[in-house]
Each structure stands twice: as C-alpha cells, then as structure tokens.
Amino acid sequence: MKLSLFFALIMSLILSSCQSEKKIELKFTPAVGQSFRMILIKKQVITESSAMGDRKSEITSNTGYRFFVKDKQQYTTTLDVSIESVKLRLSTPQGTFQFNSAKPGSSTNFLSFIYRQMIGQKVQLILKTDGEVLSVRGLDAWAEHMLDSLGVSDQKMRESFKEGFRQFYSENTLRAAYNRVFNIFPDKKIKLNETWERTLKLDMPVAHQKKESWKLIEYTPEKAVLELYAKISSPDSGDTPELPQLKSKYHVWGIETASFEIDPRTGWILAAKRLSYIKSKITLENKSQKALKVEVPIKFQEQIRFLPVDEVL
C-alpha cells in the first residue's frame with residue numbers, strides 16, 4: 001500500500017514537471033461563423049486637484065457586445081462587432097447624466113440620442129493571431145446612419161458632423177479600446193509559469209508608455225489563465241501647438257494589473273478584469289513670464305470586467 005502511494009506521488013510529480021515544460025501556443029483563432037456575446041463593465045474615476053480643492057468625475061458603464069467571426073485568413077481574423085445594450089452614468093461637478101438603452105427613449109438630450117444610435121450599429125475589426133487590432137472599419141457608415149436619423153440633408157452640416165464624430169469616435173480610439181480586450185496573446189510558444197514582456201506606446205487617457213509583463217499561471221485544454229503587471233510612464237511633452245505662448249509639460253506614472261481567462265482552443269475570452277491607476281501632473285508655463293507656472297495633478301483610476309452575458313443577466 002505504501003509503495004503504491006509512493007509510486008502515485010512520483011508519477012504525479014513527473015506529470016506535473018512534464019506539464020510545466022510543455023510549450024503552449026496561445027492564439028486568437030476562432031472559426032468562421034462563430035459568435036460570442038459579452039458584457040463590458042467599466043468604472044472610471046478622474047480626480048483633478050487644484051488650489052480650490054479636488055474635482056472628481058466618475059463614469060460607470062455596462063455595455064453588451066456581440067462578436068461574429070466574418071472571415072479568417074492565415075494571419076488575421078475579421079470580426080463584426082455590434083453593440084446590443086448600453087447603460088451609463090456620468091457624474092461630474094457640473095451635474096449627472098444617465099442613460100439606459102433598455103428604457104424608452106423619451107429624452108431629447110443629444111447625448112442620449114448619440115448613445116441610442118449606437119445600438120445595433122456594426123464596426124469591423126481586423127485582428128492578428130496575437131490579438132492586436134490592425135484596423136477598425138465602419139465608422140463612416142455609423143456617422144451616416146446618425147445623420148439620416150436626425151434628418152440632416154445639408155451637405156456642409158453633414159461634413160461638419162462627420163468631422164466631429166471622427167474626433168469623438170476615431171479609429172485610433174476604438175483600436176486602443178479593443179486592443180485592451182484582445183491584444184493579450186504571446187507572439188511565441190510559452191511554458192506554464194513563463195513570462196513574456198512587451199512595451200506599448202498609447203495615447204489614452206493621455207500619451208504614455210506601458211511596459212507589460214505577462215505570465216501564464218494556469219493551463220488546461222479548456223482554460224488558460226494569463227496575468228499582467230504593467231508599469232506606466234511617459235516623457236515630458238514639448239510646446240503646446242495650439243497656444244504658442246505657453247509651454248506645456250506633463251509627467252505620467254502608474255501601474256496596471258489584469259487577469260484573463262481564455263479558451264485556448266479558440267482564444268475567446270471566458271472572463272477578464274483590469275485595474276489601472278494613473279497619476280499625472282501637467283505644468284503650464286508662460287514663455288514670457290517664466291515665474292508664472294500652473295501645475296494640475298490628475299489621478300485616473302479604472303476598473304474593467306469582461307464577462308459572458310449569462311453571468312450578468
């Protein structure tokens with residue numbers, strides 16, 4: 001009996017060692033025709049400090065997405081993404097704005113109109129197998145849909161609206177947002193408990209550099225768990241282009257942690273969470289009056305959860 005237990009223990013250690021030495025390939029490779037529904041829950045708190053005291057803004061949102069695999073090539077996957085629901089609460093020193101797409105649209109608020117027009121609209125993502133979003137398509141059609149809903153026929157007004165829309169929903173902004181969801185896979189085969197690193201240059205919420213350290217902490221044929229620890233920093237900026245008489249500098253630092261559970265057979269996300277804490281300081285200096293400086297410390301905190309619809313509804 002003792003020998004059999006000893007033998008079982010030895011075999012368990014051998015199997016565990018083999019598992020930890022096994023090279024694992026994790027990629028985003030869902031099949032054409034597959035669809036996936038998820039809920040993105042986000043909370044952001046922005047605190048701006050000054051001599052007058054702290055000014056805090058808080059944003060909480062709950063957005064339902066449907067992803068459909070439209071096409072698949074050797075190195076890329078095309079996803080159709082549509083928004084199925086939006087619930088939002090924005091609280092600032094100026095007031096509070098709330099929106100819920102599940103409730104009838106009685107509000108004449110223009111922001112409510114914008115969010116209601118998001119429902120059912122599609123954009124198309126082109127992703128690499130490591131999850132990096134290469135492009136976002138369909139924003140012009142989205143803007144045209146809004147203009148048609150508003151009944152705007154004047155061409156100059158339409159062009160002006162589309163220009164503002166591109167600033168609010170630019171391809172770069174959406175690509176950065178979706179990269180935080182999908183761009184999580186290593187560019188090589190890895191072992192259990194192995195780490196891999198990369199450096200990203202980003203501009204949301206302000207320009208910064210992020211040094212990421214990822215680690216595969218759990219693996220079975222049905223589930224893989226990835227963990228992230230990242231340091232955030234940025235160099236000083238140069239002159240402010242819009243205001244030549246002012247010299248603007250900022251410094252950003254912070255950390256981000258994340259945990260992603262994925263299906264290693266397809267790369268679909270089973271569950272995820274991200275926590276970000278960023279501090280920044282902006283200094284404005286009048287070039288003609290060097291002694292005149294204004295410093296604005298800003299704190300940015302963000303919590304994100306990405307869950308299957310069934311866990312939320």
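Each residue of the sequence shown is one higher than the one before, counting from 1 in the UniProt record's numbering.
Note that beta-carbon positions come from the ideal geometry of N, C-alpha and C, so glycine has one too.
| query | result |
| --- | --- |
| Tell me, to the nearest whole angstrom, how far the beta carbon of PHE199 is from that of GLN209; I am working on the premise that it is less than 8 angstroms. | As written in the sequence, residue 199 is Thr, which differs from the Phe given in the question. Contact flag correct, Cβ pair sits at about 6 angstroms. |
| When you compare only the Cα positions, how much space is there between LEU125 and GLU84? | 17 angstroms |
| Can the beta-carbon of PHE168 be found closer than 8 angstroms to that of LEU147? | no |
| Who pairs with ARG66 in a beta bridge, going by DSSP? | ARG37 and SER82 |
| Between MET157, GLY131 and GLN34, which has its C-alpha nearest TYR75's C-alpha? | GLY131 |
| CB-CB under 7 angstroms to THR92, same chain, minus the five flanking residues each way: which ones, in chain order? | SER57 |
| Here's a check: name, in chain order, each residue in its chain whose Cβ is nearer than 6 angstroms to the Cβ of GLY238, leaving out the five neighbours to either side. | Reliability fails at GLY238, whose pLDDT of 44 lies under 50, so the model's placement of it is uncertain and the value that follows must be treated cautiously. Within the same chain, GLY238 has no close Cβ partners at all. |
| Skipping 5 residues on each side, what residues in its chain have a beta carbon closer than 6 angstroms to that of TRP142? | GLN121 |
| Considering just the uninterrupted stretch of the beta strand (DSSP E) at SER233, what are its terminal residues? | 224-234 |
| At the level of alpha carbons, what is the spacing between ILE232 and GLU212? | 9 angstroms |
| Between VAL181 and LEU150, what straight-line distance do the alpha-carbon atoms span, to the nearest angstrom? | 32 angstroms |
| I'd like the span of the alpha helix (DSSP H) that includes LYS215, first residue to last. | Counting along the chain, LYS215 falls outside any alpha helix (DSSP H), though it belongs to the beta strand (DSSP E) covering 208-219. |
| Between which residues of its own chain and ARG55 is the CB-CB distance below 6 angstroms, once the five residues before and five after are set aside? | GLU48 and PRO93 |
| Bridge partners of TYR75, per DSSP? | DSSP lists no partner for TYR75. |
| Please classify LEU134: is it buried, with 16 or more other beta-carbons within 10 angstroms of its beta-carbon, or exposed? | exposed |
| Could you check the C-alpha separation between GLU197 and MET157 for me, to the nearest Å? | 47 angstroms |
| Are the Cβ atoms of VAL69 and GLN34 separated by less than 8 angstroms? | yes |
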